[in-house]
Amino acid sequence: NFDDWYHQRIQLQDTSIHFRYYGSGPPVLLVHGFPQHSLTWHTIGPILAQNYTVIAPDNRGSGDSALSKTGNYTARAGGEDLKAILDFLGINQTFVFAHDKGVGLATSLAIEHPEAVSRIILAEYPLPGYGYPTDVTSPDLYQNWQLAFFAVPDAAEFFISGREKQMLSWYFFHSSYSGTSSVTEDHLNRYTSEISKPGFLRSGLLYFAAAWDDEKYFTSAFSNGKRLHMPMLALGGEASFSPVALLDQTWSGVSDNFVAESIPKAGHWIGDENPTWSGKRALQFFSEGESLATIDLSYLTNKVTLAGG
11 NFDDWYHQRI QLQDTSIHFR YYGSGPPVLL VHGFPQHSLT WHTIGPILAQ NYTVIAPDNR
71 GSGDSALSKT GNYTARAGGE DLKAILDFLG INQTFVFAHD KGVGLATSLA IEHPEAVSRI
131 ILAEYPLPGY GYPTDVTSPD LYQNWQLAFF AVPDAAEFFI SGREKQMLSW YFFHSSYSGT
191 SSVTEDHLNR YTSEISKPGF LRSGLLYFAA AWDDEKYFTS AFSNGKRLHM PMLALGGEAS
251 FSPVALLDQT WSGVSDNFVA ESIPKAGHWI GDENPTWSGK RALQFFSEGE SLATIDLSYL
311 TNKVTLAGG
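Position in the sequence shown (first residue = 1) + 10 = our numbering.
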């Protein structure tokens with residue numbers, strides 16, 4: 011049960027990061043997106059924890075992590091938070107599985123610290139500059155117009171505040187395969203509670219406002235033929251970021267060592283709509299690589315690691 015996983019918190023210069031962890035074996039780092047937090051891994055996480063030590067952080071400004079003191083929600087800032095978690099835990103190399111906005115953070119980790127990422131799975135998110143849409147091109151309700159709307163935090167916060175649950179309910183329906191049943195009422199309420207905390211709706215929106223900074227960052231990182239070289243699995247739900255030809259086109263400018271696949275019977279919310287396929291595919295992908303060192307985090311039990319509140 012994901013709710014029984016252990017808690018840990020680390021203090022960084024610009025924020026405080028909370029993460030959950032469980033299992034034994036080599037490390038796997040799970041990176042969530044918006045509007046979710048580490049709870050998004052409540053199904054895939056336990057599948058992976060059968061063979062691995064799984065670490066599921068709440069990104070800065072999400073879940074039980076703190077807001078950024080400087081208001082920095084760029085992919086690079088989030089990627090450095092991930093590296094800080096690895097450093098705190100003494101992990102030199104890890105497997106990574108990222109979803110939605112977490113893809114940008116995980117990609118930044120792989121860009122800046124390629125030696126730390128053995129294999130990487132990137133699901134349901136095209137990087138800014140590589141297919142991420144920032145324009146509304148038609149009145150079609152089912153295009154991703156919300157990406158542009160969220161990117162204007164002053165307006166989006168004004169219209170969403172007080173209606174967080176309605177927004178989330180629509181958002182989960184809009185991007186799903188199975189409709190309103192894709193996310194349970196309990197989890198809908200928990201996601202609502204998290205983004206309704208003071209400052210947390212806005213912090214989530216600031217990830218979207220960072221799209222133009224992220225675009226400059228990623229296009230520079232992959233200019234002049236530069237690419238990620240570690241093995242990569244690019245995933246998209248069949249009712250969302252698909253077909254495979256689109257994934258191939260999107261990721262060819264980022265990686266020279268990737269395989270793209272569609273997740274059957276899933277839209278955007280892969281951990282809620284087809285976690286079994288996604289988790290088993292991740293197990294297979296990670297097992298195909300070089301063996302990583304097993305880590306043991308039991309030393310963290312009852313260990314004081316913060317210097318005050």
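Every residue, glycine too, gets a C-beta built ideally from N, C-alpha and C.
Reduced DSSP category for residue i - H, G, I as helix; E, B as strand; rest coil
{"i": "residue 289", "result": "helix"}
{"i": "residue 44", "result": "coil"}
{"i": "residue 67", "result": "strand"}
{"i": "residue 270", "result": "strand"}
{"i": "residue 247", "result": "strand"}
{"i": "residue 133", "result": "strand"}
{"i": "residue 278", "result": "coil"}
{"i": "residue 222", "result": "helix"}
{"i": "residue 59", "result": "coil"}
{"i": "residue 23", "result": "coil"}
Check whether residue i and residue j have beta carbons under 8 angstroms apart
{"i": "residue 185", "j": "residue 279", "result": "yes"}
{"i": "residue 66", "j": "residue 29", "result": "yes"}
{"i": "residue 26", "j": "residue 302", "result": "no"}
{"i": "residue 202", "j": "residue 248", "result": "no"}
{"i": "residue 273", "j": "residue 256", "result": "no"}
{"i": "residue 277", "j": "residue 250", "result": "yes"}
{"i": "residue 295", "j": "residue 131", "result": "yes"}
{"i": "residue 85", "j": "residue 114", "result": "yes"}
{"i": "residue 118", "j": "residue 89", "result": "yes"}
{"i": "residue 108", "j": "residue 133", "result": "yes"}
{"i": "residue 275", "j": "residue 284", "result": "yes"}
{"i": "residue 252", "j": "residue 211", "result": "no"}
{"i": "residue 23", "j": "residue 316", "result": "no"}
{"i": "residue 310", "j": "residue 46", "result": "no"}
{"i": "residue 179", "j": "residue 198", "result": "yes"}
Residues that residue i bridges to, as DSSP identifies them
{"i": "residue 240", "result": "Answer is none; residue 240 lacks a bridge partner."}
{"i": "residue 17", "result": "30"}
{"i": "residue 265", "result": "238"}
{"i": "residue 163", "result": "Partner(s): none; residue 163 has no beta bridge."}
{"i": "residue 104", "result": "127"}
{"i": "residue 35", "result": "305"}
{"i": "residue 109", "result": "133"}
Beta-carbon separation (whole angstroms), residue i vs residue j, contact threshold 8 angstroms
{"i": "residue 81", "j": "residue 216", "result": "6 angstroms"}
{"i": "residue 41", "j": "residue 99", "result": "Incorrect: roughly 15 angstroms between the Cβ atoms, too far for contact."}
{"i": "residue 225", "j": "residue 139", "result": "4 angstroms"}
{"i": "residue 48", "j": "residue 213", "result": "Not really, about 15 angstroms apart at Cβ, beyond 8 angstroms."}
{"i": "residue 368", "j": "residue 124", "result": "Lying outside 11 to 319, the shown extent of the chain, residue 368 is not represented and no answer is given."}
Rounded straight-line distance, which links the Cα of residue j to that of residue i
{"i": "residue 218", "j": "residue 157", "result": "7 angstroms"}
{"i": "residue 300", "j": "residue 50", "result": "27 angstroms"}
{"i": "residue 64", "j": "residue 32", "result": "5 angstroms"}
{"i": "residue 183", "j": "residue 155", "result": "15 angstroms"}
{"i": "residue 290", "j": "residue 305", "result": "21 angstroms"}
{"i": "residue 103", "j": "residue 314", "result": "25 angstroms"}
{"i": "residue 43", "j": "residue 60", "result": "23 angstroms"}
{"i": "residue 163", "j": "residue 194", "result": "27 angstroms"}
{"i": "residue 232", "j": "residue 312", "result": "43 angstroms"}
{"i": "residue 292", "j": "residue 220", "result": "29 angstroms"}
{"i": "residue 116", "j": "residue 168", "result": "30 angstroms"}
{"i": "residue 143", "j": "residue 297", "result": "34 angstroms"}
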